[in-house]
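Presented below is the structure to which this report refers.
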Amino acid sequence: MNLERWNPQAWRHTEAASVVARLVLGSLFVVMGLNKALDPVAFLKLVRQYHVIEAPLGLTLIAATLPWFEGFCGLILLAGIAVRGTALVSLAMLVPFTALIWRHAVGLQSAEMLPFCAIRFDCGCGAGEVAVCFKLLENGILILLSLWLLIAGSAKWRLMPGASRRQKFSNASV
Amino acid sequence: MVLPRRHRFWRVRRNRRRRGNSDRLLTLNMPAPSEGSGWRHELRRTLGEALAVAGLGLALALVANAVSPRGLKLGRDYFPAVASVTNVIAASSVSLPAAPMITTNQNRASEVAARLAGRGLRLIESAEAKALFRDPRREQELVVFIDARNDRHYLEGHIPGAYQFDHYYPENHLPVVLPACQQAEIVVVYCGGGDCEDSEFAALALKDAGISAERLVVYGGGIKDWTEGGLPIEVGPRGSGNVTGGTP
Numbered sequence: 016m017n018l019e020r021w022n023p024q025a026w027r028h029t030e031a032a033s034v035v036a037r038l039v040l041g042s043l044f045v046v047m048g049l050n051k052a053l054d055p056v057a058f059l060k061l062v063r064q065y066h067v068i069e070a071p072l073g074l075t076l077i078a079a080t081l082p083w084f085e086g087f088c089g090l091i092l093l094a095g096i097a098v099r100g101t102a103l104v105s106l107a108m109l110v111p112f113t114a115l116i117w118r119h120a121v122g123l124q125s126a127e128m129l130p131f132c133a134i135r136f137d138c139g140c141g142a143g144e145v146a147v148c149f150k151l152l153e154n155g156i157l158i159l160l161s162l163w164l165l166i167a168g169s170a171k172w173r174l175m176p177g178a179s180r181r182q183k184f185s186n187a188s189v
Numbered sequence: 734m735v736l737p738r739r740h741r742f743w744r745v746r747r748n749r750r751r752r753g754n755s756d757r758l759l760t761l762n763m764p765a766p767s768e769g770s771g772w773r774h775e776l777r778r779t780l781g782e783a784l785a786v787a788g789l790g791l792a793l794a795l796v797a798n799a800v801s802p803r804g805l806k807l808g809r810d811y812f813p814a815v816a817s818v819t820n821v822i823a824a825s826s827v828s829l830p831a832a833p834m835i836t837t838n839q840n841r842a843s844e845v846a847a848r849l850a851g852r853g854l855r856l857i858e859s860a861e862a863k864a865l866f867r868d869p870r871r872e873q874e875l876v877v878f879i880d881a882r883n884d885r886h887y888l889e890g891h892i893p894g895a896y897q898f899d900h901y902y903p904e905n906h907l908p909v910v911l912p913a914c915q916q917a918e919i920v921v922v923y924c925g926g927g928d929c930e931d932s933e934f935a936a937l938a939l940k941d942a943g944i945s946a947e948r949l950v951v952y953g954g955g956i957k958d959w960t961e962g963g964l965p966i967e968v969g970p971r972g973s974g975n976v977t978g979g980t981p
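Read top to bottom, the protein sequences are chains D and Z.
Under this note's numbering, residues 16 to 189 are what the first sequence spells out, in order.
Under this note's numbering, residues 734 to 981 are what the second sequence spells out, in order.
This is how it looks when you write it as structure tokens:
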């Protein structure tokens, strides 16, 4: 590892971006997760509308656990714990879910003969009925934020103490 | 050599400035590409973190669901005969893309009627629901209305005198609803109307609980059709007396 090339200025910008990404992603996950956890039956019905899982146990398991799981991921992102791992988990949730929204919207569009962006439905995201184009854009941004956190990580203002790789470099260079 | 704190700070700053801005990759907390083992280590660590987060998150989610008063019962089938219901709905929405809305609704109603008939239940329309509401037997609770929606929607307004039976939480409602249904000659089950299927599932749950299918009817139009018809609505709990809207 070449510690001579460490750049504190760019580092500060990276850290700031990571903290913002963590706060945005974490807050959204907590709010959306809680919205769903408070009414799991409504979420169960919405999961069913995608016709991906027909087995009763699978449907119920997803509706019962996903909202709490989402809230948990949001909390640990806010706390700055295991940021990269959580970003990877968040990507694993967001990418297939976004693809499902897109597929469902295409189905609705062909059934209702409406322009794509005029399609509105409750996607089960915890924010009620939304325009599909807005939702896809929002999810695209969340995917980018998750990707950023996966690459950059984040150590600033984290709850758990302990030296990150970066702090080790900084100490070594001193 | 240990420098005084102030000197040490300036030396570090100067050294960093001299090093320049040559490699931004390092600022992303990633090892240099040349260090293959570093990448592998980072990847392994991230995957390990992700697995730990997933495992711990899932365990906590299961506990939270079990503790929550609104939690779902994992072993329960909330959508009995789910495959047939979803297939019919999916088929109707895909096969009728260009048809006028009224035709779609009629087709959907006839499909729902056929599906209910297959389960031994009968679909009724607005006029019959209205007649049953005016039936003198309703006063003696020989005609009973059952609202299959959740607490919030029920309290916002239901057909006057209707019992609530949210079939997703049967244990909360069956002790009251079941005796009323057992003594009734006709049980009218309704929900929100439109694509709402809760009335069907609630009727099936009542059938499973021992109510004869001949006595069960499903009011497909539901509360949407009822309010659009200008019919009375009772706000709050059953028997609150807070009735608004049209006259029966």
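Each residue gets a CB set at the ideal place from its N, CA and C atoms; glycine is no exception.
Owing to the predicted nature of the structure, the values given are computational and were not obtained by experimental measurement.
Query: Tell me the DSSP bridge mates of Z/Arg971?; Result: Its beta-bridge partners do not exist; DSSP assigns none.
Query: List the residues of chain Z that D/Val35 touches, going by C-beta distances under 9 Å, in chain order.; Result: Those within 9 Å of D/Val35 in chain Z number zero; the least Cβ separation is about 15 Å.
Query: Look at the alpha carbon of Z/Leu888 and the alpha carbon of Z/Asn905, and state the distance between them as a whole number of angstroms.; Result: 15 Å
Query: Taking only beta-carbon positions, decide if D/Cys88 is within less than 8 Å of chain Z.; Result: yes
Query: What is the C-beta distance between Z/Leu793 and D/Trp83, in whole angstroms, given that I count them as a contact (C-beta under 8 Å)?; Result: 7 Å
Query: Near Z/Tyr811, what residues of its chain come up, given a Cβ to Cβ distance below 7 Å and the 5 sequence neighbours on each side ignored?; Result: Tyr901
Query: Just checking my contact of Z/Phe878 with Z/Ile857 at CB under 8 Å: how many whole Å lie between their CB atoms?; Result: Not confirmed; about 12 Å, so no contact.
Query: Comparing C-alpha positions only, which one of D/Leu129, D/Tyr65, D/Arg99, D/Asn154 sits nearest to Z/Glu775?; Result: D/Arg99
Query: Please tell me whether Z/Ala783 and D/Val104 are closer than 8 Å, where the distance is taken between their beta carbons.; Result: yes
Query: Please compile the residues from chain D whose C-beta is within a distance smaller than 8 Å of the C-beta of Z/Leu807.; Result: Leu72, Thr75, Leu76, Ala79
Query: Under 8 Å, do D/Ala142 and D/Gly86 count as touching if we go by C-beta distance?; Result: no
Query: Beta strand (DSSP E) containing Z/Ile919: first to last residue?; Result: 919-923
Query: So for Z/Glu872, helix, strand or coil by DSSP?; Result: coil
Query: Mapping DSSP to helix, strand and coil, what is D/Arg27?; Result: helix
Query: Does any C-beta atom of chain Z lie closer than 8 Å to the C-beta of D/Trp195?; Result: Any question about residue 195 of chain D goes unanswered here, given that chain D covers just 16 to 189.
Query: In the DSSP assignment, the alpha helix (DSSP H) including D/Phe112 goes from what residue to what residue?; Result: 98-127
Query: Quick one: which chain Z residues come within Cβ less than 9 Å of D/Val56?; Result: Arg803, Leu805, Tyr811, Asn883, Asp899, Tyr901, Tyr902
Query: Which of the three DSSP states, helix, strand or coil, is assigned to D/Asp137?; Result: strand
Query: With three or more C-beta pairs closer than 8 Å as the rule, is the stretch 142-152 of chain D touching the stretch 66-80 of chain D?; Result: no
Query: Between the C-alpha atoms of Z/Glu933 and Z/Ser859, what's the straight-line distance to the nearest angstrom?; Result: 16 Å
Query: Is the number of C-beta pairs between the stretch 951-960 of chain Z and the stretch 919-932 of chain Z that are closer than 8 Å three or more?; Result: yes
Query: Using the DSSP secondary-structure output, state which residues sit across from Z/Thr960 in a beta bridge.; Result: Per DSSP, none; premise fails for Z/Thr960.
Query: Residues of chain Z with CB under 7 Å from D/Val104, in chain order?; Result: Ala783, Val786, Ala787
Query: Under 7 Å between beta-carbons, which chain Z residues line up against D/Thr101? List them in chain order, please.; Result: Val786
Query: Taking Cβ positions, are Z/Arg786 and D/Ala107 nearer each other than 8 Å?; Result: The displayed chain sequence assigns Val, not Arg, to residue 786 of chain Z. Not closer than 8 Å, so no.
Query: Look at the Cβ atom of Z/Arg882, then the Cβ atom of Z/Ala917, and state whether they are nearer than 8 Å.; Result: no
Query: Any beta carbon of chain D sitting closer than 8 Å to that of Z/Gly955?; Result: no
Query: What are the boundary residues of the beta strand (DSSP E) that Z/Ile857 is part of?; Result: 855-857
Query: So, is Z/Ala831 buried or exposed, given that buried needs 16 or more other C-beta atoms within 10 angstroms?; Result: Since pLDDT at Z/Ala831 reaches only 36, below the 50 mark, its modelled position is unreliable, and no value is offered.
Query: Taking CB distances under 8 Å as the criterion, tell me whether D/Ile91 reaches chain Z.; Result: yes
Query: Using only the alpha-carbon positions, how far apart do Z/Gly771 and D/Leu162 sit?; Result: 19 Å
Query: Do three or more CB pairs link the stretch 906-916 of chain Z to the stretch 844-855 of chain Z at distances below 8 Å?; Result: no
Query: Using DSSP with H/G/I as helix, E/B as strand and the rest coil, what is Z/Tyr952?; Result: strand
Query: Check Z/Tyr887 in the structure and name its three-state DSSP category.; Result: helix
Query: Three-state secondary structure (DSSP) at Z/Ser828?; Result: Interpretation of Z/Ser828 is limited by its pLDDT of 37, a score under 50 that renders its predicted location unreliable; no figure is taken from the coordinates.
Query: Excluding five sequence neighbours on each side, which residues of the same chain lie with their C-beta closer than 6 Å to the C-beta of Z/Thr819?; Result: Here the model assigns Z/Thr819 a pLDDT of 39, short of 50, so the residue's position is not dependable and the matter cannot be decided.
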